[in-house]
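Residue numbers (the numbering used here), protein chains in the order written: chain A, 1 to 215; chain B, 1 to 215. We put the beta carbon where it would ideally sit given N, CA and C, even for glycine. Quick notes on the structure that follows.
Printed below as a string of structure tokens:
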């Protein structure tokens, strides 16, 4: 069976390392995988690239960049450099893009507006390099319950505003149903995003939600 | 010490019934209380009214009405009738308003747009009665993590849109920091709400959030 789907390797990382996961994805007919950086680093970048190619797997998205303000202003430069390294890695494994999230607040910080401003600043600093390397950055809004600790940009509207402000070239949008299903503006903003949507994740929402990450 | 604050009785309902809670609020200098319907019904409406008055407590908001679509279309009429009864009760205890939330989806339903439409329909049906009884309805957006099971209207923008559509007369806005802190449009929509804000709750957000309701 051939599925025009990509398997996000986070969903199988407790069972498998990258080589087994890529092979299983191929065996089950997936067209691609979305690997996480920790898994790629564990296996090695060149070896990961070889495995994806050997299994005929597209690498639809490399997870996850962004998070520019998560360490506060003192760590912003390091976060920018780290995102550039991630672009190199993405190019090396022939990834079609990098999934970029807002990141949380710095420890002890409550300055959500400041975290958002650092996200824009960091993204602006990285974008020329991403364009030069032809690695699109897929901006992913995250559910508002993560706004403090993981994704300070919670809505599709806000991510599109940021992409508009930065000129869109080299940027795309990643949509995960889990993060955006609740949004009254969802259909309006999806229509606005149009062809800018370069990745979409499918995930259900459980009622009741007992764990905010693993449910 | 006199505090120009109101104690939401949900915060003390495991320790106290309504009489003890009202007395404690008075003793600690609160200017008012926001009682929940279950507590008022348990103590009795006339007796609750007497207790609030005897303790010199304002009744700043009666919790919680709305939830029009939570039982699906078959229960919408019953939900409307129940909200009207709640208006009678609010008048009897001299409440300054009723806190109104979106309510969740009907069991097994995934029709969020339908739930929102029922909320507007139910609210429109109740509003003339609320106006006649001079009981303002304070519309409270709830955090998007509750959109499926408790509050299908998650943003201040959407609640204000609904209030605008229904004409505002007899309607106000209730803002709880816990529900809206993440919203990129928060300051814009607060400015838009202006004098329509007739209730505000203060609550912190814990990182990590271990329980979506009681944290």
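Helix, strand or coil at residue i according to DSSP, with G and I counted as helix
i                      : result
residue 87 of chain A  : helix
residue 202 of chain B : coil
residue 37 of chain A  : helix
residue 9 of chain B   : helix
residue 30 of chain A  : strand
residue 193 of chain B : helix
residue 217 of chain A : Summary: the structure shown does not reach residue 217 of chain A, with chain A confined to residues 1 through 215, and so no result is reported for it.
residue 59 of chain B  : strand
residue 67 of chain B  : coil
residue 81 of chain B  : helix
residue 213 of chain B : coil
residue 183 of chain B : coil
residue 75 of chain A  : helix
Given residue i as reference, the closest of the options once Cα atoms are compared
i                      : options                   : result
residue 38 of chain B  : B:138, B:112, B:14        : B:14
residue 174 of chain A : A:167, A:157, A:166       : A:157
residue 97 of chain A  : A:35, A:188, A:22         : A:35
residue 55 of chain B  : B:94, B:26, B:40          : B:26
residue 272 of chain B : A:9, A:205, A:12, A:209   : The displayed coordinates of chain B run from 1 to 215. Any statement about residue 272 of chain B would go beyond what the structure contains.
residue 84 of chain B  : B:108, B:41, B:129, B:62  : B:129
residue 176 of chain B : B:20, B:21, B:197         : B:197
residue 33 of chain A  : A:11, A:211, A:43, A:79   : A:11
residue 134 of chain A : A:90, A:140, A:123        : A:90
residue 81 of chain B  : B:62, B:66, B:95          : B:66
residue 138 of chain B : B:79, B:192, B:200        : B:200
residue 194 of chain A : A:212, A:210, A:24, A:171 : A:171
residue 121 of chain A : A:214, A:59, A:70, A:136  : A:70
residue 214 of chain A : B:210, B:181, B:185       : B:210
residue 115 of chain A : A:148, A:140, A:95        : A:148
residue 42 of chain B  : B:16, B:30, B:29, B:140   : B:16
C-alpha distance - residue i paired with residue j, whole-angstrom precision
i                      : j                      : result
residue 178 of chain B : residue 207 of chain B : 12 Å
residue 100 of chain A : residue 126 of chain B : 45 Å
residue 146 of chain B : residue 183 of chain A : 12 Å
residue 88 of chain A  : residue 188 of chain A : 35 Å
residue 240 of chain A : residue 46 of chain A  : The structure shown does not extend to residue 240 of chain A, since chain A spans only 1 to 215, so no value can be given for it.
residue 117 of chain A : residue 203 of chain A : 29 Å
residue 162 of chain B : residue 113 of chain B : 13 Å
residue 108 of chain B : residue 142 of chain A : 25 Å
residue 5 of chain A   : residue 168 of chain A : 25 Å
residue 61 of chain A  : residue 40 of chain A  : 12 Å
residue 159 of chain B : residue 59 of chain A  : 42 Å
residue 57 of chain A  : residue 9 of chain A   : 12 Å
residue 18 of chain A  : residue 191 of chain B : 50 Å
residue 20 of chain B  : residue 3 of chain B   : 18 Å
Chain C residues whose Cβ lies nearer than 8 Å to that of residue i
i                     : result
residue 16 of chain A : Note that chain C does not occur in the displayed structure, where the protein chains are A and B.
(message) Which complete alpha helix (DSSP H) runs does the region 84-163 of chain A hold, if anything under 4 residues is left out?
(response) 112-133
(message) For the region 90-107 of chain A against the region 136-152 of chain A, do three or more pairs of beta-carbon atoms, one drawn from each stretch, fall closer than 8 Å, so that the two count as touching?
(response) yes
(request) Mind the definition here: the region 70-78 of chain B touches the region 42-51 of chain B only if three or more C-beta pairs lie below 8 Å; say whether that holds. (result) no
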